[in-house]
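Q: Quick one: structure below, then a few questions.
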Amino acid sequence: MSLFSVRAAWLHWADSDRAPVAATHWSSTNPSVIRGHQRGIVALAGWLVSMTIGIVAATAAGGAGPAVEEVGAFFILGSFPLLMLHATIAWFNRPKFLVPPHRRSETGSVIEWRRHRRDLRAAIKEAGQRDTRGRHSTDPPKQG
Numbered sequence: 031m032s033l034f035s036v037r038a039a040w041l042h043w044a045d046s047d048r049a050p051v052a053a054t055h056w057s058s059t060n061p062s063v064i065r066g067h068q069r070g071i072v073a074l075a076g077w078l079v080s081m082t083i084g085i086v087a088a089t090a091a092g093g094a095g096p097a098v099e100e101v102g103a104f105f106i107l108g109s110f111p112l113l114m115l116h117a118t119i120a121w122f123n124r125p126k127f128l129v130p131p132h133r134r135s136e137t138g139s140v141i142e143w144r145r146h147r148r149d150l151r152a153a154i155k156e157a158g159q160r161d162t163r164g165r166h167s168t169d170p171p172k173q174g
């Protein structure tokens, strides 16, 4: 799985049409969330690789000695900042140097969500200002 994510990160970074979409569709069908995962695919791939190395080292430490166990713990604990970087990139599109170059101008998923909520509230407010006859509440009543 981690090698698949590294390949997906490489292809997303290169803006390739061959970039697998399956790597970013595992958690949601929301297009904003999918774009967020595509922006943060580099950090996500780093997290998966670090977790894989850590788990392999921790399970192989039984006969290899305490140094291998410490290396495994280091990689497992070191992977969590990468996971947080992925979330930061997906939500806020920051830090830009870890975002694929063709996606750096996008806004983050949280900002898109806030804009959508603001537009939805405005539409509800607009609909609430209309009366049952379809007139706007500030329109003058029709004469006769």
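Residue numbers (my numbering): 31 to 174. Backbone N, C-alpha and C fix where the C-beta goes; we use that ideal spot for every residue, glycine too.
Could you tell me which uninterrupted beta strand (DSSP E) segments, each at least 3 residues in length, are contained entirely in the segment 65 to 114, listed from first to last along the chain?
A: Within the segment 65 to 114, no complete beta strand (DSSP E) run reaches 3 residues.
Q: Which residue marks the beginning of the alpha helix (DSSP H) containing E142, and which one marks its end?
A: Its alpha helix (DSSP H) spans residues 139 to 158.
Q: For the candidate residues S46, S32, F34, V36, whose alpha-carbon lies nearest to that of H132?
A: Of the candidates S46, S32, F34, V36, the one whose C-alpha sits nearest the C-alpha of H132 is S46.
Q: Report yes if the C-beta distance between L128 and L115 is below 8 Å; otherwise report no.
A: For L128 and L115, yes; Cβs fall inside 8 Å.
Q: Identify, in the order they occur along the chain, each residue of the same chain with its Cβ nearer than 7 Å to the Cβ of M81, setting aside the five sequence neighbours on each side.
A: For M81, where only same-chain residues beyond five positions count, the Cβ hits under 7 Å are I106, S109.
Q: Below 8 Å between beta carbons: does that hold for G102 and A87?
A: Yes, they are a contact pair.
Q: Measure the alpha-carbon distance for P61 versus I71 and round it to whole angstroms.
A: Rounded to the nearest angstrom, the two C-alpha atoms are 15 Å apart.
Q: According to DSSP, simplified to helix, strand and coil, what is T118?
A: Helix, per DSSP.
Q: So, with DSSP's three-state summary, where would you put A39?
A: In this structure, A39 counts as helix in the three-state DSSP scheme.
Q: Only counting the same chain, and skipping five residues up and downstream in sequence, which positions put a Cβ closer than 6 Å to that of I83?
A: Excluding positions up to five away in sequence, the list reads F105.
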